[in-house]
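Residue numbers (my numbering), protein chains in the order written: chain A, 219 to 553; chain B, 46 to 266.
Set out below in structure tokens:
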């Protein structure tokens, strides 16, 4: 469990303190995938670097498994960092070392593993990230996705309990992003390690995260379960991110709604209700005619969801809304 | 052919070549041994670097700059008392080595500093995040990553030392430069001058080729 207790960070620039992170308190549970989403400069990089103290906070306490890491001396901090893996946007592999040596590097630095232990662990990790055939290549001979998989193997070498991902997929193409995210989800499930992931893409959060914090101008403006934040965004920044990830042009949508007649409802289906043939039966029972103005059926992590914007004409609207709510569909009246 | 090179004493050329080789080799060795740690310190003490120390950086940087801005021919003369103190003579091969190191080490230190700055900051950050201490960051990540640049720096330093070593002939330093001055210049033996210059050119060419090969071998980018 990672606890931020009124943590703040500011940088000294020309004698003035420029705040990068305003006082923030939050808890990241053990074993969850926690996303931090925000535009560049929102403070998310700072936030993730506070967890392994690459950036020391200027105020507040950070507790990891009930220990105050801000009190650690240099040696304790180094020991702690071995238990926190980190992967980076630009991979940050050592170009002078082979794939196998890159993965072995943190174990060698730790100085507590025998040669056999290191060799066996490297083989195991190479297999884990499907790079066994590339063990003796240099990073420059690999593709971006392969490099990031080496980065992941390296981060896991000392069996960490926390994995920090700093824009880990931002330099990758969509397909590679998907495979890297799948690998992260597998690791989270199989090893039970806590993943803290920062990104500027809501889509990444939707695919792998359990909970998410949205950052704007050095502040966490919204936090909660991904399904809640994603389906019912409250803060304008969050809404922008969600619209962006769904490829919705907000103004265009408003125009379309202007043209529609009758009541406009936004229905949100979650889990099993997504697949039920609900709309037809509700329309028959209540005599309401509907047309779909916009919609999306997708997954949030492993949970299917659907979100439809409908215009309803005629019939008994009350009956229709009751029937939908009875089927555990979230109904929001847009107009 | 015999007439053209009538003044050339090949045995003397051989001795002089060997002397140049020894002067360059020894002064390169000490320049690297002294310049490398200074270069690493310059890098570490620099702005926004691992051991940022503005005062220490300014002092070190000043000393390096002073040694680098003194023209080598002046440095040769200024160093004479110090060289006598250090090894008993300021003449011959041995006497030339201290001023050569004084010229070569700060030059090489700057090249080391520059090639360390070329190392991606992200790699240093990643190594820190793995729990490395400063020694491990230097020897495990910084120096291996900067190795091609450092080797290129050694090559450039070696070539500079070849020309410095030739210059040391002026104060009786020995080697090909000494030969060129005593015979080629003072006795107007143009053939000796041509041979020594040709040998120096070949020497520099060989150094550059060897250096380039090594850089290529150690570059994994």
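Note that the Cβ used here is the ideal one computed from N, Cα and C, for glycine as well.
Just so we're clear, the structure is a prediction, and the values are computed from it rather than from any experiment.
- Residues are counted here when their Cβ sits less than 9 Å from a Cβ of chain B; for the stretch 270-301 of chain A these are 270, 272, 292, 293, 295, 296, 297, 298, 299, 300, 301, given in chain order.
- In terms of beta-carbon proximity, residue 304 of chain A lines the interface with chain B, with at least one pair separated by less than 7 Å.
- Chain-order list of chain B residues neighbouring residue 241 of chain A: empty, with the shortest C-beta distance near 25 Å, by a criterion of under 9 Å.
- Residue 381 of chain A is outside the set of residues whose beta carbon lies under 7 Å from a beta carbon in chain B.
- One alpha carbon belongs to residue 322 of chain A, the other to residue 360 of chain A, and they sit about 18 Å apart.
- Distance from the CA atom of residue 271 of chain A to the CA atom of residue 251 of chain A, rounded to whole angstroms, is 20 Å.
- Contact between residue 69 of chain B and residue 206 of chain B is confirmed by a C-beta separation of about 5 Å, below the 8 Å threshold.
- Taking CB atoms only, residue 91 of chain B has no neighbour in chain A less than 7 Å away.
- In this chain, residue 262 of chain B is not harboured by any beta strand (DSSP E); it is covered by the alpha helix (DSSP H) spanning 235-263.
- Closest in alpha carbon position to residue 357 of chain A, among A/295, A/337, A/312, A/249, is A/312.
- Note that the stretch 410-418 of chain A does not touch the stretch 443-454 of chain A; fewer than 3 beta-carbon pairs, one per stretch, sit closer than 8 Å.
- Of all residues in the stretch 152-179 of chain B, those with a C-beta nearer than 8 Å to a C-beta of chain A are 165, 167, 168, 170, 171, 172, 173, 174, 175, 176, 177, 178, reading in chain order.
- Taking the Cα positions, residue 350 of chain A is about 47 Å away from residue 101 of chain B.
- Residue ranges of uninterrupted alpha helix (DSSP H) with 4 or more members, entirely inside the stretch 410-434 of chain A and ordered along the chain, are 420-426.
- Here residue 149 of chain B is buried: its Cβ has 16 or more other Cβ atoms, across all protein chains shown, within 10 Å.
- At a cut-off of 7 Å, the C-beta of residue 190 of chain B has a neighbouring C-beta in chain A.
- Against chain A, the CB of residue 250 of chain B has no partner CB under 7 Å away; the residue lies outside that interface.
- Within 8 Å of the CB of residue 314 of chain A, the CB atoms of chain B belong to 189, 190, 192, 263, 265, in sequence order along the chain.
- Taking 7 Å as the CB threshold, residue 308 of chain A lines the interface with chain B.
- Contact between the stretch 479-488 of chain A and the stretch 457-464 of chain A is absent: fewer than three C-beta pairs spanning the two stretches fall below 8 Å.
- At a beta-carbon threshold of 8 Å, none of the residues of chain B lie near residue 475 of chain A; the nearest stands roughly 46 Å away.
- Residue range 55-90 is occupied by the alpha helix (DSSP H) that includes residue 79 of chain B.
- Note that the stretch 105-116 of chain B does not touch the stretch 227-238 of chain B; fewer than 3 beta-carbon pairs, one per stretch, sit closer than 8 Å.
- Of all residues in the stretch 318-331 of chain A, those with a C-beta nearer than 8 Å to a C-beta of chain B are 323, 324, 326, 327, 328, reading in chain order.
- Of A/297, A/343, A/354, A/352, the smallest CA-CA separation from residue 370 of chain A is found for A/343.
- With a threshold of 7 Å between beta carbons, residue 94 of chain B makes no contact with chain A.
- Under the Cβ criterion (8 Å, minimum of three pairs), the stretch 176-195 of chain B counts as touching the stretch 150-162 of chain B.
- Following the DSSP letters along the chain, one finds residue 508 of chain A inside the beta strand (DSSP E) bounded by residues 507-518.
- In its chain, beyond the 5 residues on either side, 549 have a beta carbon closer than 7 Å to the beta carbon of residue 543 of chain A.
- Think of a sphere of 7 Å around the beta carbon of residue 186 of chain B: the chain A residues whose beta carbon falls inside it are 312, in chain order.
- The stretch 271-281 of chain A and the stretch 330-338 of chain A do not touch, with fewer than three beta-carbon pairs separated by less than 8 Å.
- In the DSSP assignment, residue 522 of chain A falls within the unbroken beta strand (DSSP E) covering 521-531.
- Taken through DSSP and simplified to helix, strand or coil, residue 223 of chain A comes out as strand.
- A Cβ of chain A is located within less than 7 Å of the beta carbon of residue 181 of chain B.
- Contact check between the stretch 334-342 of chain A and the stretch 388-397 of chain A: fewer than three CB pairs, one atom from each, fall below 8 Å, which does not count as touching.
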